[in-house]
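Notes to accompany the following structure.
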Amino acid sequence: MNEEWEQKMEELMDEFSERLEDIAEDAVMNAAEDAMNGLLEERLDDAVFGALQHNLSEALNECLSGFEFVLKDGTLVHPRQQTKVLSPDGSKLLICYGGLKVDGTTLLVQTRLTCWESIAVYTDREAAIAALKQIQEGMEIGENLIRL
-6 MNEEWEQKME ELMDEFSERL EDIAEDAVMN AAEDAMNGLL EERLDDAVFG
44 ALQHNLSEAL NECLSGFEFV LKDGTLVHPR QQTKVLSPDG SKLLICYGGL
94 KVDGTTLLVQ TRLTCWESIA VYTDREAAIA ALKQIQEGME IGENLIRL
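Last residue of the sequence shown: 141 in our numbering, with the numbers rising by one and none dropped.
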């Protein structure tokens, strides 16, 4: 009877071990699947939002280009043309949506509502600020393309 009992206990332990392995495997697979789904959803949201924001902005710019109107107080409102900025080495041509900033020695251009892109890295902060001022002056006089 002892052997029979030991065999039953062994069978129960084997079944218990198999079930624990299955539970652990399912938990790991579910956690991995959840993590992958979350990452995929986040990346997809970012990509879709970025594409929609960019396309909507371009569509609005096209639609409003040349569109002028007068406010009740007599102020003439006309759309401002987006300025293009060419990097010093000619490797980047970015549309500036009005924002410029220097981060250390890097000149950043606002390319969308919430997007800033590096256009050049300078040897010192003063050179980056001088380039920012060059772009600012070009925008103020209405240049379409500014070459750094």
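Just so you know, even glycine gets a beta-carbon here, dropped at the ideal spot from N, CA and C. Quick caveat: nothing in here was measured; it's all calculated off a predicted structure.
Extent of the continuous beta strand (DSSP E) to which residue i belongs
i, result
"leucine 100", "99 to 105"
"aspartate 117", "It is not in any beta strand (DSSP E) - aspartate 117 carries neither H nor E in the DSSP assignment."
"leucine 141", "No beta strand (DSSP E) holds leucine 141; DSSP gives it neither H nor E."
"leucine 79", "76 to 79"
"leucine 64", "Run containing leucine 64: none; DSSP gives neither H nor E here."
"aspartate 145", "No answer is possible for residue 145: it lies beyond the span of the chain, which begins at -6 and ends at 141."
Alpha helix (DSSP H) segment containing residue i, residue limits
i, result
"leucine 87", "Run containing leucine 87: none in the alpha helix (DSSP H); it sits in the beta strand (DSSP E), 86 to 89."
"glutamate 136", "That residue, glutamate 136, is in no alpha helix (DSSP H); it is neither H nor E in DSSP."
Alpha-carbon spacing of residue i relative to residue j, whole angstroms
i, j, result
"glutamine 75", "methionine 29", "39 Å"
"serine 111", "glutamate 130", "19 Å"
"arginine 140", "glutamate 18", "58 Å"
"arginine 105", "leucine 93", "12 Å"
"methionine 22", "serine 84", "44 Å"
"lysine 1", "glutamate 11", "15 Å"
"threonine 148", "glutamate 133", "The first residue shown for the chain is -6 and the last is 141, placing residue 148 beyond what the model contains."
"lysine 77", "aspartate 117", "24 Å"
"glutamate 8", "threonine 107", "56 Å"
"glutamate 35", "aspartate 66", "46 Å"
"leucine 26", "aspartate 82", "Note on residue identity: the sequence assigns glutamate, not leucine, to residue 26. In a straight line, the C-alpha of glutamate 26 is about 44 Å away from that of aspartate 82."
"glutamate 150", "glutamate 3", "Since the displayed the chain opens at -6 and closes at 141, residue 150 lies outside it and no answer follows."
"glutamate -4", "isoleucine 16", "30 Å"
Sequence-distant residues of its chain with Cβ nearer than 6 Å to residue i (five each side left out)
i, result
"leucine 101", "Lys94, Trp109, Ser111"
"cysteine 89", "Thr76, Val78, Val102"
Residues near residue i in its chain [Cβ-Cβ closer than 8 Å; skip 5 each side]
i, result
"glutamine 148", "In the structure as shown, the chain begins at -6 and stops at 141. Residue 148 is therefore absent and cannot be evaluated."
"threonine 98", "Val114, Tyr115, Thr116, Asp117, Arg118, Ala120, Ala121"
Contacts around residue i, its chain only, beta-carbon distance under 7 Å, and the 5 residues preceding and following it disregarded
i, result
"serine 80", "Ile112, Ala113, Leu141"
"alanine 20", "none"
"glutamate 136", "Thr76"
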